[in-house]
Every structure is written in C-alpha cells, then in structure tokens.
Amino acid sequence: MSDETDPLVLFMPSGRRGRFARGTSLIAAARSLGVHVESVCGGRGICGRCQVEIVEGAFAKHKIVSAADHLSPVAATETRYAEKRILKSGRRLSCAATIEGDLVVDLPSDMAVNTAVVRKAVDTRTFPRDPAIRLLFVEVPEPDMHAPLGDLDRVFAALESDWGLARPTVEHSVLPLLQKTLREGAWQVTCAIAHDHEEDRPHLMAIYPGLKNEAYGIAVDIGSTTIALSLSSLLSGATIAATGAPNPQIRFGEDLMSRVSYVMMNPGGRAEMTRAVREAVQTMIETVSAEANVSTADIMDCVFVGNPVMHHLFLGIDPTELGQAPFALALSGALALPAADLDLTLHPAARAYLLPCIAGHVGADAAAATLSEGPHRQDETMLLVDVGTNAEIVLGNRNRLLAASSPTGPAFEGAEISCGQRAAPGAIERVRIDPLTLEPRFKVIGIDIWSDDPSFADAAAALGVTGICGSGIVEVVAEMFLTGIVTEDGVIDGALAARTPRVVANGRTFAYVLHEAPQRTLTILQTDIRAIQLAKAALYAGIKLLIDRFSQPATADGLRSDPTVRIDRIALAGAFGSFIEPRYAMVLGLVPDCDLDRCKAVGNAAGAGARMALLNRAYRREIETTVSRIEKIETALEPAFQDHFVAAMAFPNKRDAFPALARVQALPNRDAAGMPLPGRSISASGTPDRGRRGGRAGRSA
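Quick note on our numbering: the sequence shown kicks off at 27 and runs consecutively.
Below you can see the structure in the form of structure tokens.
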C-alpha cells in the first residue's frame, strides 16, 4: 500500500500516475498503472526494450520536482548493457532503476508498445487551387552581343512576357547558380515564384534547368496533445501523405497552463519545449517524404496552426504572458517567415505561414477551423467547438462572429480519470449499459467486436483492456446517467449496490466496475464523475457566454441569456470531438440543445483550414479579414460565467431545456419537452420507468 509520503511518479505520454514505495522498480510501477513497457528478457537488463527517460524540472501542477538522481544509481546490468549496445544519453533501463523520489518518466516513442493513436484524420476535400508558390516554365532568349542584357534580366523579361509577372525580388542563393542552370537547361528553365500578397512583389526563390513539375507543401496542426501533418502537391492540390504523432511537450505538462508554469519555473524550459516540437515536426516531415518518395528539398511552403501557447512555443516565444491576465499575445496577426528560421530542413528558401490568432486563448487553430467550416459564409447560426485540454468556441454567422475559450483541462483525454488513458490500442472507446441489469458492454481500440461477443476474450488476451479514453469516458458517464447509476447532480447512487455487484463502496462514496480482469480492474470512481462535470461545465458555461452576447446588440451592457437565440448547427472539431457521438455529448450537457442531425463531428477542422491556406492564398486573406472582425469574449472576466458553470454541473443542465434531444432520447428528470422537472430525482432503485426505457429504444449500438 502506498501513502502520501511515497514518491509520486507520472508516466508520459499516457498521463498515468501513482505513488510508490522507494525501491520499487520503474517497470513494476509502470505495469501496475497499466503503462505497457516491453521487456523480452524478463527484467535481466539484456534486451534493452524497457528504456525510459527522466524529465527533469519543477512541475507546479503536481507539486513535485523531477530529477534524474531521484532514481537509484546506474546498476551493473545497465553498465553491461551500455558496453555492448547503444544506450542513449539520459536513458535508463526501467527493469534496473528503482524509484527514490518524485519523477516524471517519458516512454520514448521508439520504445512504446501501445503508442497513442493520433485520431486527427486528414481532410480530403478539394479546394480551388491558387498556392502562394508556383512553378513557371519559361524559354529565355540566348545572350546577344547586340543586346547586352544580363542573364537574370532576360529571365525577368521572359517571366513578364509569358506570365505577366512583374520584376520579382531574388533569393540570393539563385544568383551563383543562375548562369550554369540556364545553360544546363538549354535556355529553358522553371522558376519557383513565391507570391503570397498581391500588393507585394513576387519573389524568385529557385530556378531549375528544364521543366520541373514537382513542388510540395505541408499543413501542420500543432495540438497540445497531438501533431497532425499532411503533405500536398502544390501543383495538383492532392494530399499525398499524412501522419500524426503525440506532441512531445506532453512530458513537460499535460495541459497548457502546466507548460506555461514549466517555462516560468525552469530556466531554459522554453527552449526545451521549442526544440522538442520543432524536432517532432521535422521527423514527421521526413516520415511523409519517405512514404511519398518526395525529397524534402522539394517542400517549398508550410502552413502552421495551433493554440496560442503552442503557436508561441513553436515560434520560440516565451508564453508566460498567456498564463496571467490580460493574457497578452506577443503577436496576433498572420506571420510569414523563412522555414529555416523554424529549424526545418526543407528547400533552402522554403516559406512558412502561420494563421492569425483570435485572442489570448483562442488561437490559429480556431481560426483555421473557422476557415474550414465557414460560419462567416452562412446565414445559419453555427456553433463550432474544438474540444481539447482548452476548448475553443466560435459562434455566429455571416453577420456576426464571437469567440471564446474554456479551460476544460485534460479530463476528456483521460489524464484526470482514475482508469483513463489516451487513445491507444487496448483503450475502451465505446460503452453501453443495459438499463435493466446495469451490465456494461464495450468496444476497445484495436478490437472490432464488442465485449459481449463470445470471441472477445480471445481477442483481448493478446491486446489487453488497459484503460478508457476520452470518447469512452463520455459514453460511460452518459450511460450511467441514463440508467440511473448516476444522479442528475453527478452522484453515484449507492443504493444500487443491493441490486448489482457493479456498484461497489469506495470509502465514503461508491464506484461502478466497468471491467474486471486479473491484470487490472477498471472502475469509474466518484472523483472521475466530478472531473467530467467540471470539464463539461466549463465548456458549456463558455458557450452560454457567447449565446448571451450573441443575443444582444454588439454594444449592449448587462447581458442576459435570450432563449430565442437558436443554434442551427453544431460542429464538433478536433481529435476528441471527432469521436464523440453527438447524442452523448448532448446528454452530458457538453453542448446546448440542437437537432441531432445538425450536430456533427467534422474531424480535424483546424488541419483542413491549414491545408486550405496552403493550397490557396486567397483563403489566407479571407481568414485574416474574418479574424479582424471576430468579437472576443474572455470567460475569466465575465461575471455570468460562474452562474452558468454552476447550472452546467448537472446532467445535462440544471435549468436549460433540451427539446430536440428529448424527441429522440428520454432524459431522467425531464418532461417530454426536455424541460427540467422541479423536485424530481432518480429513484434509489434506479429502475427505469417507461419513458426512460422507451427513450433507449432508439439508441444505436
């Protein structure tokens, strides 16, 4: 048994943590938390598959200081291993190292077995193509003693004659190779021209002999949890490769404020995080280039989006000011710069473009999602929600747009849930609970069948059922509410312990046993329910503030909610939002009432917007103009936030009606119109009445 005096150990990137007695081996601690560390030699220090890295520094959120000397000294088995094989600097063998103090342990991606599944699929929509970089083929007149123009001037003349292109500026690296290139191409060359803004002069960034018809660009969404990157042809517009990876900054902190805190408390912390994310992006570029058989030297343009903290850290900017009021951005407008300034090895003259940020906690990723989903192009009122560790919200239509953010924290990604984990093979992602027996069934990432299938046990034997990821957390809590296991106020009903062995005492509260296995029992605790309540209440309160403001003239004060405001469409964006079933999001009260067929997951909208800006420079101007007219609401400064937050702690909400949801899903403590019933509570027995049973008839498996 551990106690509060034992060292606290956090394993990244899974976010799992626990206290362990001094002298406990790292591999034993990891496995007790369901963190899969491979070891094929039985812990004898021979295979080297159990390598880990210690992240050093102060982690204010967890009130710990992690240091390499909080592990036992290097053991003889590690020394012998390092003599025969490569053991990278800073790495330890977790089978040999024991815990002697607080630690943050990073499981390197090249050692991970159940690596996180990056669920930001690339968007494949087609867009009008007008990239900021073009390849222009020209035939240049040969030198003539009677017309003594320099070679470069004759290139300029050919560009103007054939393409109507005014005299461009020139990349200096072009000049030493110009004459050789012209003669090698027999006076036929291809010019790579960068021309983003129409009012700027075009720029000759490279020149190639003969005809060149290969030029590529990358669009990158730098999320706080995952990075998604796509490689597209600038000539055809087709996306030819894509990849995703966990953001390595997770080891410095799971949420944005933890990373800001790390920078504040650790000299050199900003540089560490900047280097980590840039190296990750470069590795991903090399991965997609190899997959597509493309030279990185042919990548000439890049577009990046991310929330403000990710945006600043990627640019090498200290994000400290974003951690305190007034949450000042170092820069908010769009930015264009050489890709080499970001330590990226691409074409030597490659360009990089970063979309504008909207506000201190509403970043370029929200701007990109807005560009992709286009509320500013519609008459209908759209609610766009990117659910992550910091939810970003945009509400409006072609006449008016508002934006805000809400600090939901990492609960939706499993980090604050007792059996939670990030999406990876072995994680529960779908849950259904029988309303009569209260028995659960579930689906696991990596296994195609449900847990009540006779062949599930065999399938799970190899993979394991290791935890529950974000979408599974939402579904299990919603199912517990719909079946009466959890009350409207978020309390697990202990009276049900007499009815089912799934409800068990846990100290002064109760818990629900979701899965029992010799390796690990997965249980939903009362503290887990509370973590979800806090996260969803923060999100809903932020949405309500936008509805408040949207219901009033832009210059009004003393705003109050107007029930006549109608949300016509809800778009759930991001990796987490893409895997939430909209009905469950509404049952919990993550989002307001809306016709379910108008509430859709839209995938990685931020990545799609980045790709739009990559393939058509007009979209860059469109989002720059749009962001300039978005009204920013700072939730931390709004007096009504707390009132909305308290009401939103209930499932789905203490006072708001959900008539559209009630038409397809009967809700406890609600009438047929979705209005709260005063004084009603779920019965102690949890036996569903006709309305609740009838409500489940239309639920999908």
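Note that beta-carbon positions come from the ideal geometry of N, C-alpha and C, so glycine has one too.
### Message
Quick check: the Cα distance between Arg458 and Pro274, rounded to an integer number of angstroms?
### Response
Whole-angstrom Cα-Cα distance: 34 Å.
### Message
Spatial neighbours of Arg655 within its chain, please: C-beta separation below 8 Å, excluding the five flanking residues on both sides.
### Response
Counting only Cβ-Cβ distances below 8 Å, and skipping sequence neighbours, we find Leu427.
#### Entry: Nonlocal neighbours in the same chain, by C-beta distance under 6 Å from Asp188, ignoring five residues either side
The beta carbon of Asp188 sits closer than 6 Å to those of Val164, all from its chain and outside the five residues before and after it, given in chain order.
### Task
Report the rounded CA-to-CA distance for Met231 versus Gly490, giving the unit in angstroms.
Cα-Cα distance, rounded: 53 Å.
### Query
Excluding five sequence neighbours on each side, which residues of the same chain lie with their C-beta closer than 6 Å to the C-beta of Lys680?
If we look at Lys680 and ignore the five residues flanking it on each side, its Cβ neighbours are Ala673.
### Query
According to the Cβ coordinates, are Thr492 and Ala450 closer than 9 Å?
Their beta carbons are under 9 Å apart, which means Thr492 touches Ala450 by this criterion.
### Message
When you measure from the CB of Thr322 to every non-hydrogen atom of the ligand HEM, does any distance come out below 8 Å?
### Response
With respect to small molecules bound, the structure shown includes none, and the ligand HEM cannot be examined in it.
### Task
Using three-state DSSP, classify Leu161 as helix, strand or coil.
The answer is strand: DSSP assigns Leu161 an E or B state.
### Message
If you follow the beta strand (DSSP E) that Ser330 is in, where does it begin and where does it stop?
### Response
It is Phe, not Ser, that sits at residue 330 in the sequence shown. Counting along the chain, the beta strand (DSSP E) containing Phe330 begins and ends at Ile325 to Gly332.
#### Entry: Spatial neighbours of Leu614 in its chain, beta-carbon cut-off 8 Å, leaving aside the 5 residues before and after
Only Val500, Val503, Ala504, Phe507, Ile558, Lys562, Phe677 and Pro678 meet the Cβ criterion.
### Message
Looking at Leu355: is its Cβ nearer than 9 Å to the Cβ of Ile649?
### Response
Going by C-beta atoms, Leu355 is not nearer than 9 Å to Ile649.
### Query
Taking Cβ positions, are Leu370 and Cys328 nearer each other than 9 Å?
Cβ atoms of Leu370 and Cys328: closer than 9 Å.
### Task
Measure the alpha-carbon distance for Pro235 versus Glu168 and round it to whole angstroms.
Approximately 14 Å between the Cα atoms of the pair.
#### Entry: CB of Leu348 within 9 Å of CB of Ala597, strictly
Contact: no.
### Query
How long is the line joining the alpha carbons of Ala94 and Glu126, rounded to whole angstroms?
For Ala94 and Glu126, the distance between alpha carbons rounds to 10 Å.
#### Entry: Coil, strand or helix - Val613 by DSSP
The answer is helix: DSSP assigns Val613 an H, G or I state.
### Task
On the DSSP bridge assignment, give the partners of Phe729 in chain order.
Nothing in the structure corresponds to residue 729, since the chain is present only between 27 and 727.
### Task
Determine the direct distance from the alpha carbon of Gln404 to that of His373, and round the result to whole angstroms.
For the pair His373 and Gln404, the Cα-to-Cα distance works out to about 39 Å.
### Query
Is there contact here, the segment 244–254 with the segment 48–59, by at least three beta-carbon pairs under 8 Å?
Because the criterion of three Cβ pairs below 8 Å is not met, the segment 244–254 and the segment 48–59 do not touch.
### Query
From Gly190, Gly294, Ser115 and Ile518, pick the residue whose C-alpha is nearest to that of Gly83; which is it?
Gly83 has its Cα closest to that of Gly294, out of Gly190, Gly294, Ser115 and Ile518.
### Rounded separation between Leu208 and Leu161 - CA only
If you take the alpha carbons of Leu208 and Leu161, they lie about 16 Å apart.
### Query
Can you list, in chain order, the residues of its chain whose CB lies under 6 Å from that of Ala267, leaving out five sequence neighbours each side?
Within the same chain, Ala267 has close Cβ partners Leu257, Val314, Glu317 and Ala318.
#### Entry: Distance between Tyr288 and Pro272 (C-alpha atoms, nearest Å)
Straight-line Cα distance between these residues: approximately 19 Å.
### Cβ neighbour criterion (16 or more within 10 Å) applied to Glu305
Around the beta carbon of Glu305, fewer than 16 other beta carbons sit within 10 angstroms, so the residue counts as exposed.
### Query
Between which two residues does the alpha helix (DSSP H) containing Arg643 stretch?
Looking at the DSSP string, the run of the alpha helix (DSSP H) that includes Arg643 is Arg643 to Arg655.
### Task
List the whole-angstrom C-beta distance separating Ala394 from Ala183, where the pair is believed to meet the contact cut-off of C-beta under 8 Å.
Contact between Ala394 and Ala183 is absent: CB atoms are separated by about 39 Å, not below the 8 Å threshold.
### Query
Who pairs with Ala698 in a beta bridge, going by DSSP?
DSSP lists no partner for Ala698.
### Query
Counting pairs of Cβ atoms below 8 Å between the segment 618–626 and the segment 683–690, do you hit three or more?
They touch, by the three-pair rule.
#### Entry: Neighbourhood of Asn642 by C-beta, 8 Å cutoff - its chain only, sequence neighbours within 5 removed
Cβ neighbours of Asn642 beyond the five flanking positions: Phe153, Pro154, Arg155, Asp156 and Pro157.
### Task
Check whether the Cβ atoms of Leu113 and Gly74 lie closer than 9 Å to each other.
Less than 9 Å separates the beta-carbon of Leu113 from that of Gly74.
### Query
Going by C-alpha distance, which of Met638, His229 and Phe330 is nearest Gly389?
Scanning Met638, His229 and Phe330 for the CA closest to the CA of Gly389 turns up Phe330.
### Query
Under the DSSP definition of a beta bridge, which residues are partnered with Gly493?
Beta-bridge pairing links Gly493 to Ala453.
### Task
Going by CA-CA distance only, name the one from Arg45, Thr50, Val63 and Ala122 that's closest to His88.
The shortest C-alpha separation from His88 is found at Arg45.
### Message
Assuming contact is defined by CB atoms lying nearer than 9 Å, are Ala430 and Thr661 in contact in what I supplied?
### Response
Going by C-beta atoms, Ala430 is nearer than 9 Å to Thr661.
### Message
Spatial neighbours of Asp128 within its chain, please: C-beta separation below 7 Å, excluding the five flanking residues on both sides.
### Response
Within its own chain, the residues whose Cβ lies closer than 7 Å to the Cβ of Asp128, once the five positions on either side in sequence are excluded, are Pro33, Leu34, Ile90, Val91, Ser92 and His96, listed in chain order.
### Query
Can you tell me whether Ala122 is buried or exposed, with buried defined as 16 or more other CB within 10 angstroms of its CB?
It counts as buried.
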